[in-house]
Structures are given as C-alpha cells and as structure tokens.
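Comments concern the structure below.
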Amino acid sequence: MKKNKLLITLILLITSVFIYGQQTISGKVTTSDNEPLPGVNIIIKGTSVGVTSDFDGLYSIKNVASTDILVFSYISYKTIEKKVGNLKILNVVLESDTQLLDDIVIIGYGTSKKSDLTGSVSSISSKDFKRQPLTRVEDALQSRAAGVSVIRNTGAPGGNIKIRIRGSNSINGNNDPLVVIDGVVGGELSSLNPNDIQSIDVLKDASASAIYGSRGANGVVLVTTKKGKSGKPQVNVNYFTSISKVPKKINLLSPTEFATLAGITVQGEGADYQDEYFKTAITNNMQVSASGKEGKLNYFLSGNLVDQEGIIINTGFKRYAIRSNLNTDLTDKLSIGLNIYGSKEEAHNLVLGGARSSSDLRGGILGVLAFNPALPVRDADGNYNLQSSYGSILVNPIAVMNERDGNLVEDRLNATLNMSYDISDKLNFTVLAGAITRNSNDEVYQGIPAGSSIINPNASYSSVSSNNYQLSNILTWTKKFSETTTLKLTGIYELQSSDLKTNRFSANGYVISGLSEAFYLNELAGSVTAGSNLSKSSLESYVGRAELNVNDNLLVTGTFRIDQSSRFRSGNRTGYFPSISTAYNLGNLILKEDSFFTGIKVRAGYGETGNQNVPPYSTFSSANPGNNYWFNGSAINIGLGNASLVDPNLTWETTKQFNAGIDFNLVNGRVNLSVDWFKKNTIDLLLDKTVPQYLGGGIVRTNAGEVQNKGLDVSISASVVDSENFKWDTALTLSTVKNKVVDLDGAEQILLRPLIFGAQANFYSIKEGQPLGNFYGYTYTGPDASGVATYNPELGIIGNGTPTFNWGFNSTLTYKSFDLNFLIRGVHGFDILNATRGAISLAGGDVTVPTSADILNPDSPTSGTNQVISTRYLENGSFIRLSNLSLGYTLPNLNGLNFKVTLSAQNLFTITSYKGYDPEVSSTNAGDDTAPSFDFGALPNPRTFTLGIDINL
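Residue numbers (my numbering): 3 to 955.
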C-alpha cells in the first residue's frame, strides 16, 4: 500500500512539473519604427509547431517549454531567435534586412540569390541612383552596369537614348535590348517615372537571356517597380528644379570678320545666332508617393509631373504619370497583385531620336551656324531678315523656329495582374496577364513668314495606336532532396499578341501662312498625301528551366524555349533556344577562415537566342497598283505589280554566345570583383541584299551573313570606409567590345549612306573582317601651294564610329548628415565625322562664304573641293565626362519628418579633343548601328544645375 502511495505521489509530481514547464507565450512583434508587424512566422525551433502574428502584430503560442527557443521570421526582415525561459510575455522587434533584399536578383519568370547565379547578370538598386536627379530611367543604367553602353544621342528632352548590351549583333535588324517591366514584355523605359523603380536587372549573356528566346539576342533589361511594405505608412515628396544651357559655343566669324571676308557692310551690330537660338532652360520635376500596408493589402501609389524646357527656343517636353501597385494575400496560399501605370507625354517642336529633318538647314543648328552673322535677326521695322545672298537655301533660323508648331502627344497605359497559388509547399502556380497600350498623335505645322521665296508653309499629321497583350502561365516545383541538394523546375506556357495601326497625312504648298492648324485645312494646300496601315502579330511559347544547387557549391541552370512566331511563314515559324550554365564556389573548398578572400566563384555558360524583328507580313509581297509598264516602244501603261521582293523562307537571326566569369569576394565582403569574358556570333542575319538587274533588281531581305562580338566586362565595388560617422562606397565598371563582320554571303563590301535628309553619298562601309560603323571617304593631304584643298583620289575606310572601351567610376561619401556623390565616365576608341564643321569651313554648294573661324588659320585651305567625307573632318571622339556631382544634407529628424536638401550638377565638364558641341551625340537615328557618330547639326546635351528637396513623412 505504501508503495502504491509513493508511486502515485511520484506520478503527480512529474505531471505537475511537466504542466508547469508547458506554458503559453504571447507578445507583440513590431518593426524598428514601433509599428505592428502582421504575418510574422513564430515557430518552436526544431519543430513544425508555430503560429502567425495577427493584424496588430500580436501572437500567442501554447505548450511551450521553458527550454524551447522561438524563431521569428518574416520576408525582408532579419530572422531572430529568443529563448523562452520563465517568460510568459515576449515582445520582439524585427529589423529590416536590406542586405537580403539586395541579394535577390530578378532572372526572368523568377528570382535568384546573387550567390546562386550562374549567368552574367548586372543588378542596379534604386539606392544606386537616388542621389542623381533623373527624368529618364535610362540614365540610371549609365556606367553602372559593365557591358551596358548608354549613349545620349541627342540633347532634346524626350529624345531617344541608345542602349547596347555587349555590342551590336545585327546589320539590318534591331539591336535594342528587350525591356520587361514587372514581368510584362515590350515596355518602354522612356515612359517610366524613375522614382517608381525598385531595381533594374540586366541579363547580358545568352545563358541568362535565352529564357526570352527569340527576343533575347540583344540582352534583356528587367525592371521591378516598388511595392508597399509592412510598418508605418510612408509618404515621400521629391521636388527638384534645374537650369540647363548649352555647354559651349562653336567658334565662328564675328559679324565684322564675316563682312570683311564677304566684302559687305555689317547691318547694325549683326547677330550672334547661337545666342539667339540657344536659351537657358528650366525644368521642374515633382514626385509624390505613398506606400505601406493596411491589413493584408500592400500598396504603393505615386504621381509624377515633369515640365522641361528645351535649350532651343520654342521647344519643351512634359510628362504626367500616375501609378498604383497593389498586392494582397487573400489566404495563406493565394496572393494577387495588380499594377497599373498611366502616362501622358507632350513634346513641343522636338526632333526625337536625334535625326535631322529637311527643315534643319533652315531652322536647325546647321542653319544657325551657316547663316550670315552680319545680318540682324530683324530689320529696323521689326520684321525678320529672312534671307541672305550668302547661302541660297538658308532662311533665318530664328524666324523658322518661332514659326514652327509641332506637338507630339503620347498616352500610355500599362497594366499587370498576377495571381500566385501555392498548391503545396513544393508546387506553385502563377498566372501573369499584362497589357500595354500606346496612342500617339503628331501634329506639325511649319509656317514661313511672308517674304520667303524658298519654301511654302507645310503641315503633317500622324497617329499611331498599338496594343500588346501577354498571358503567362508559370508552374514552379522546388524539391529539397537532402540537406545539401535542391532542385527547382519551372515550366511556362505563354501567349502574346500585338497590333499596330497608323494613319498619316501631309500637305505642302499652302498659299497662306500663319495657320497653326493647317492639317485640318488641306484644301488650301498645293499637294496632299495620305496613308494608313494595320498589322498584327502573335507569339506562342513553351519554356522550361531547371536549377540545381548541390551544397551551395555546384550550381547548374539549364533552359529551353520554343517560340512560334506569326511574323514568318508556316514551316519557318518555330525557333529553338537552349542554354546551359554552371558555377562552382571554389571558396568553400580552398579558402581558410582567416583568408583575405571571402569567396571565389567560377562561372561558364552557353546559350542561343534569336531576333525576330521583322515587320509582320514581310515574307509576303504586297501589290502596287502604280507600276509603270512600257508597251510598243514608248507608251507607258500603269498596272498592278509587286511592290517589293521577299524571301518566303525568311526566319530568325540566331545569336550563339559563350560566357566565362569569375567572382571574388574580399575583405569580409567589403570588396566584390567580377570579371566576364564573352564571345557571341550572330548567324543567319536579317540582311538586305541587292538583287542583280538581270534578275529584276531591287532589295530583298534574307538570312545571310555573320557578325561577331567579343570582349571583357569588369565590375568592382567596395566599402572603403565604414565607420559610425563616415562611410565611403565606390564602384568601377569597365567594358571592352571588339566587333567584326565575319561573313556577308559573297558581298565583298556594302556601302551605305546615313539615313538623314540630303545624304547623297556613301559615307559608311560594311566589309568582311571589319567592324560595323566604318567611315568611307577620302584621305585629306592638306592645301597645296596655292591654298587649294587636296585629297588622295582613292576612296577607302578612314575611321570607325563605334566605341570599343567604356568605363564608369561612381563614388558616395557620407559624413554624419552630409553626403557627396559623383559619377565620372569615359568612352574611348572611336571617331566622329564632324560634318557640321565641314559645312561651314569652306565655300561650296549653297554656302558661298564660310562662317567658321577656322578659316582664319593660315594653314586652312582657301579654295578647292570641300570633301566633307574625308579625314579632314574626322576627329577623335574619345571623352571623359563628369556626369553627376551632388552634395546633400539631411536635417535632423523633426517629429517623424525627414528633410533633405541636395545641390547637384550634370555634365559639369567634358575632357575631349573633339571640336564640335558634344562628342556623345549623332545626327543619325539612335537605332542605326551601321552609321554611328555622324555630326551634321546634332543637338548637344546640356549642362545642368539642380536644386532638390526630399521629404519623408
């Protein structure tokens, strides 16, 4: 009996101890700003037992032993562990893990950690460019990603900016990279508000970009916009105002010098037409955003207004933009996101893209430099002095610009809906639906003041409407086979379609001037032309990707994409684009704990991508009802015939690329170095070939030829100093590209003229064994004893306009509340044909007296043929530029209000031997890679000074 009582007592004692040790722990999870943090996972370490914090950040978890450890984790916050002990209430503060966010890279249809990358990817965070006042997203890429060239082809606000990733692949095709915004293909960087950008990831090699198949040959730019975060709602107001002006003037003859040379008298004081033409321009940029989380809804809302004057009289640009990014977790398994972005852009009297128009001889920079400076802008009665006898087709450029009324209005709407459902803890299904619509109207009226006999007023109108739709179905399966091996499989089925409608109208020879809406009064014109076009295309794709991670040492990624494009005929529509890449973390094997090197990773990959950039229906010949036919020896009859020659077997360009790289992590992660070597060959070029006359003549686009690019990308980033009061972060990028035309399918050489008005000679050469962008002309041998300009009579390659070496140095220094940032970049290894200088340096053609001050140089020729396309006007285009310099001061926090003031300057100085306005600009279109660096009145990039304020509530 005593034994039974003892046993019962012992059981009760053990039970009471067990019950006492199992307790309920409750508490609150907050951010460092003392805001409640809902959705935090709280589990008992080593078990699957856990709970989630509620809307107010509160939690309660039962049956916790005093020896247990609770693990608190949440996306983008640092995970912490807390020992329970005798506590019953356990409050926890989670800190944001910015390093974790920075380590996540968008790779196309998914994400990856930087440490797991096997391909060549450059990532730019919003914090990398937040100290630079931007109106264009493209400027954020400039010199911040190795292997990415960003060239401001024109100084016009709203003008096209040229982006090339590892050189130019195609001769007649498009070399622009593919832009993907929040997963939707086909967006435009120029329309985005830079303040909305969270990150930009650039897929540079084919092993990374092959997942985009037929459109990934030129690289891929992935843009991720901002989203709301848990914690205190954030309101940001950012405003800056800028003044801009032309950085330099071309040295011209004074009115007196010109009059002496021409044998005339200066009227009044004459005029400095550069001073009359260029102006000090004002820019105002206002950005407002609000973000946060209410319940289960994350939100980011923003608005942007840009009002930017041009540095040329009577020009300007405006953009209005609004964004709404909403994300919600409807259940533990289902989340939905909706992003909507709308913008309206208005460009006034701008030649977008940098290409000059026919009126530029009269109202453009060339007209400004060539017009008679001894003639004032206006006569004594206040009327324009329209013409000068020293330039038969020139009209007073100030009068022309003031009488011009051109307005381009573009409306854009981007919408993205994504739904993600966790079928299980291993399997996820995501649907992404996107739409991009664009509508533009371009109304141009060029009135010439009464008295001009050269041209009559003219007008034009055009409208463009385009729609792009995308539906992506993404299935992702992740399996951890052991503690060291993880396999991730992704399958995608995608449909895309697009349509384009254009209408155009032009009228010339209006009998009266001063009609700013002349395009609605075509009955007053001497001649009228009109036209319209409709095109549609679609793409169906199947994609697979496998990612293997073995012990964080061996990393393997393989992709395969099948594209079926309606742009080609049946039988040639299907393209296959594989890639394979691998990486190995050598540091885990060979490095010791106290090593100078923290990590070493080697990478290698191969992939194939395509280019389908041909117009829809281009493999079908269209009918021309206006063909001329000769019968009976002389009679001309009009009949139906083929409008153009086509190749029915036309198909993709294919780019095959190999990449090898190595990544170093040094000094406990404070220094990072990446080096990549690449070689890519583009075959089956979309090449325009001349058909012999005995076969009917003309041009046909076919698959022929090969272009090669190879080079080196180097990126270095370092935290030089990281102390309590002083920090110094710096980054350096270097890129070399060597381009070569390998094969032209039997053609020894293709001669081209630049796509500008008035070009009557072949200025460029495409030749096997030579790079794209070669200038073709004469070698200047100097003036003879009589002052006559002389040239070697043999035509040949005289230079090249494509840069071969780019670098950028970005540095940020922070001392207490002050921060200083500067960006210096260099572009080297190219020539510029300064045709602007040629047009004003020697009498000839329509300019009977030159205006350039160079003619006062005793070594300058005084007569002879002015061969503009010669080495006389070929100059070294290399330059070093201070692109941005900014100094900021953050005021002490005042009741939760953060206030920062910034002074900055852009394009502050340029070191170059080039004699023109700007070595970066070109008169040819930004998309033309066969005829680069041709300056014939190109508009320079301005020098800008900015005052900005940034307020966070």
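Quick reminder that beta carbons are idealized off the backbone N, C-alpha and C, glycines included.
Grab me the residues of residue i's own chain with a C-beta within less than 7 Å of its C-beta, minus the 5 sequence neighbours each way, in chain order.
i: Leu949; result: Phe242, Thr243 and Leu905
i: Val268; result: Pro257, Thr258, Ala261 and Ala376
i: Leu12; result: Any reading at Leu12 must be qualified, since the residue scores a pLDDT of 45, below 50, and its modelled position is unreliable; no value is offered.
i: Arg406; result: Asn316, Asn351, Gly365 and Gln448
i: Ala763; result: Arg755 and Ile871
Who are the Cβ neighbours of residue i in its own chain at under 6 Å, not counting the five residues just before and after it?
i: Phe302; result: Lys228, Lys229, Gly230, Ser293 and Asn327
i: Gly760; result: Its pLDDT being 46, under 50, Gly760 is placed unreliably by the model, and nothing is read from it.
i: Val466; result: Ser442 and Thr504
i: Val558; result: Leu550 and Thr584
i: Asp444; result: Leu410 and Ser464
i: Gly589; result: Gly601 and Ile602
i: Ser291; result: Asn238 and Ser304
i: Lys298; result: Thr330 and Asp331
i: Phe807; result: Thr738, His830 and Gly831
i: Asn812; result: Ala733 and Leu825
i: Gln710; result: Asn683, Lys742 and Val744
Give me the residue from the options with the minimum Cα distance to residue i.
i: Asp184; options: Arg325, Thr584 and Thr317; result: Arg325
i: Lys594; options: Asn670, Asn574 and Asp649; result: Asn670
i: Ile1000; options: Arg146, Gly297 and Ile314; result: Here the chain covers residues 3 to 955 and nothing more, so residue 1000 does not appear.
i: Ser872; options: Phe811, Phe832 and Ile800; result: Ile800
i: Leu675; options: Phe881, Gln498 and Ala733; result: Ala733
i: Lys538; options: Asn36, Asn469 and Ile664; result: Asn469
i: Asn553; options: Ser568, Asn587, Val152 and Ser246; result: Asn587
i: Asn667; options: Asn171, Ser597, Asn300 and Val150; result: Ser597
i: Gln276; options: Ser620, Ser246, Pro399 and Gly149; result: Pro399
i: Lys129; options: Asn823, Asn868, Glu271 and Asp274; result: Asn823
i: Asp334; options: Phe373, Leu797, Asn886 and Ser426; result: Ser426
i: Leu746; options: Gly771, Asn727 and Val722; result: Gly771
i: Ser246; options: Asn943, Asp952, Gly52 and Ser719; result: Asn943
i: Asn93; options: Gly121, Val225, Gly87 and Lys30; result: Lys30
i: Phe562; options: Glu296, Val139 and Ser211; result: Ser211
Could you give the first and the last residue of the continuous alpha helix (DSSP H) run that contains residue i?
i: Ala210; result: Ala208 to Ser211
i: Asn404; result: Pro399 to Asn404
i: Leu969; result: Because the chain here runs from 3 to 955, residue 969 falls outside it and cannot be looked at.
i: Thr432; result: Here Thr432 belongs to no alpha helix (DSSP H); instead the beta strand (DSSP E) covers Leu429 to Gln448.
i: Pro785; result: Looking at the DSSP string, Pro785 is not in any alpha helix (DSSP H); the run it does join, the beta strand (DSSP E), is Asn776 to Pro785.
i: Gly149; result: Segment: none, Gly149 is in no alpha helix (DSSP H) and carries neither H nor E.
i: Asp260; result: Rather than Asp, the amino acid found at residue 260 in this sequence is Phe. Per DSSP, Phe260 belongs to the alpha helix (DSSP H) from Pro257 to Ala264.
i: Ser128; result: Ser128 to Phe131
i: Ala142; result: Glu140 to Leu143
Return yes when at least one heavy atom of the ligand ATP lies under 8 Å from the C-beta of residue i, else no.
i: Ile494; result: By its list of ligands, the structure shown contains no ligand whatsoever, and the ligand ATP lies outside what it can speak to.
Taking C-beta to C-beta, are residue i and residue j nearer than 9 Å?
i: Leu96; j: Ile109; result: no
i: Asn574; j: Thr487; result: no
i: Phe431; j: Ser422; result: yes
i: Val648; j: Phe622; result: yes
i: Gly265; j: Lys682; result: no
i: Gly215; j: Ser540; result: no
i: Leu352; j: Val851; result: no
i: Ser34; j: Ile44; result: no
i: Ala401; j: Leu419; result: no
i: Asn535; j: Asn176; result: no
i: Arg945; j: Gln144; result: no
i: Ser193; j: Glu347; result: yes
i: Glu655; j: Asn197; result: no
i: Thr492; j: Gly121; result: no
In the DSSP assignment, find the unbroken beta strand (DSSP E) run with residue i in it and report its ends.
i: Ala907; result: Asn900 to Gln908
i: Ile367; result: Element bounds for Ile367: not the beta strand (DSSP E) but the alpha helix (DSSP H), Ile367 to Ala372.
i: Phe680; result: Val673 to Ile685
i: Lys64; result: Leu60 to Val66
i: Tyr919; result: Counting along the chain, Tyr919 falls outside any beta strand (DSSP E), and DSSP gives it neither H nor E.
Return the chain-ordered list of same chain residues with a C-beta closer than 8 Å to the C-beta of residue i, the five sequence neighbours on each side being excluded.
i: Gly356; result: A caution first: Gly356 carries a pLDDT of 35, below 50, which makes its placement in the model unreliable, though a value can still be read off. Once the five neighbours on either side are set aside, the close Cβ partners of Gly356 are Asn155, Thr156, Ala158, Gly161, Asn162, Val923, Ser924, Ser925, Thr926, Asn927, Ala928, Ala940 and Leu941.
i: Ser935; result: Gly775, Gly803, Thr804, Phe832, Asp833, Ile834, Leu835, Gly879 and Ser924
* Asked: Can you list, in chain order, the stretches of the beta strand (DSSP E) that have 3 or more residues and sit fully within the segment 277-316?
  -> 283-296 and 299-311
* What are the uninterrupted segments assigned as alpha helix (DSSP H) that are 4 or more residues long and contained completely in the segment 803-886, given in chain order? -> 837-841
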